[in-house]
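Colleague:
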Amino acid sequence: MTNILIFLGPPGSGKGTQAEKISEKFEIAHISTGVMLREHVDRKTDLGIKAKGILDEGSLVPDNLVIEMLKDRLDSEDCQNGAILDGFPRTLPQALSLENDEKFSIKSVIFFDVNQEELVKRMLERGRSDDTEESIKVRLKVYSNETEPLVDFYSKKNLLTEINALGSIDEISSTISELINL
Ligand code: AMP
Numbered sequence: 037m038t039n040i041l042i043f044l045g046p047p048g049s050g051k052g053t054q055a056e057k058i059s060e061k062f063e064i065a066h067i068s069t070g071v072m073l074r075e076h077v078d079r080k081t082d083l084g085i086k087a088k089g090i091l092d093e094g095s096l097v098p099d100n101l102v103i104e105m106l107k108d109r110l111d112s113e114d115c116q117n118g119a120i121l122d123g124f125p126r127t128l129p130q131a132l133s134l135e136n137d138e139k140f141s142i143k144s145v146i147f148f149d150v151n152q153e154e155l156v157k158r159m160l161e162r163g164r165s166d167d168t169e170e171s172i173k174v175r176l177k178v179y180s181n182e183t184e185p186l187v188d189f190y191s192k193k194n195l196l197t198e199i200n201a202l203g204s205i206d207e208i209s210s211t212i213s214e215l216i217n218l
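Below you can see the structure in the form of structure tokens.
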């Protein structure tokens, strides 16, 4: 059984930064589906070739492809102590793929709450190749249509804790550390 911690929140909310810190501190794996997909694009794998245009545009890679990629990754040795999922699930079918698999136990879902203005500012500062104004607009829209409903989904299961993600990196990371009970 693999224990899972989910970091849920809009793009630019600091999930990746926090996942990195928390994964070091608790010695659990950090899995970012965005990082994995960008690696596929760079390596020009079959998945990368399919995903490239989708990433540039800011929309979502099809569920079946992301689910398969993630499940393969969760089978690795370094996930035995548990894993933080950063950027997955992003849709209801992705969330259900975890629910319906007995190998996984979701311990907690941390929801990173940040207002839209701050998100756009942070993403433009980050300057990743998909951080163009056009793609940011699409990603925020996709987030509110596809991903935001998961806040309710996990809240109803009593798994969700909302944190104010506007503080300093260290403040937020100690808030999260106190919440974790893997
Ligand atoms: P991120 O680094 O989490 O912002 O992800 C970058 C891009 O990768 C997103 O805009 C999507 O195109 C794609 N992506 C990452 N995670 C997922 C996912 N769980 N489902 C579908 N697409 C994803």
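Using this note's numbering, read the sequence shown as starting at 37 and increasing by one per residue.
Beta carbons are placed, not taken as given, at the ideal position from N, Cα and C, and that holds for glycine.
1) Taking Cβ to Cβ, would you say G123 is nearer than 7 angstroms to G70?
2) Going by DSSP, what residue range makes up the beta strand (DSSP E) through A65?
3) The ligand AMP and T211: does the residue's C-beta get closer than 6 angstroms to at least one heavy atom of that ligand?
4) Could you tell me if Q3 is buried or exposed, where buried requires 16 or more neighbouring beta carbons within 10 angstroms of its beta carbon?
5) Roughly how far, in whole angstroms, is the beta-carbon of L96 from the beta-carbon of V77, given that I think they are within contact range, below 8 angstroms?
6) Here's the rule: buried if 16 or more other CB atoms are within 10 angstroms of the residue's CB, otherwise exposed. What is M20?
7) Using DSSP with H/G/I as helix, E/B as strand and the rest coil, what is A55?
8) Here's the rule: buried if 16 or more other CB atoms are within 10 angstroms of the residue's CB, otherwise exposed. What is D108?
9) Would you tell me roughly how many angstroms separate the C-alpha atoms of H66 and S165, rounded to the nearest one?
10) If you drop the 5 nearest sequence neighbours on each side, which residues of the same chain put their C-beta closer than 7 angstroms to that of Q54?
11) From the DSSP secondary-structure annotation, give me the bridge partner or partners of V145.
12) Assess contact between the segment 186-195 and the segment 141-148, defined as three or more Cβ pairs (one per stretch) separated by less than 8 angstroms. Is contact present?
Modeller: This is what the structure holds:
1) Contact flag set, yes.
2) Per DSSP, the unbroken beta strand (DSSP E) holding A65 starts and ends at A65 to S68.
3) Outside the cutoff, so no.
4) The chain is shown from 37 up to 218; residue 3 falls before or after that span and cannot be answered.
5) So it is not a contact: roughly 15 angstroms between Cβ atoms.
6) With the chain running from 37 to 218 in the structure shown, residue 20 is simply not present.
7) Helix.
8) With fewer than 16 Cβ atoms within 10 Å of its Cβ, D108 is classed as exposed.
9) Taking the straight line joining both Cα atoms gives about 22 angstroms.
10) These residues qualify, in order along the chain: F43, I208, S209 and I212.
11) Per DSSP, I42 and L196.
12) The segment 186-195 vs the segment 141-148: in contact.
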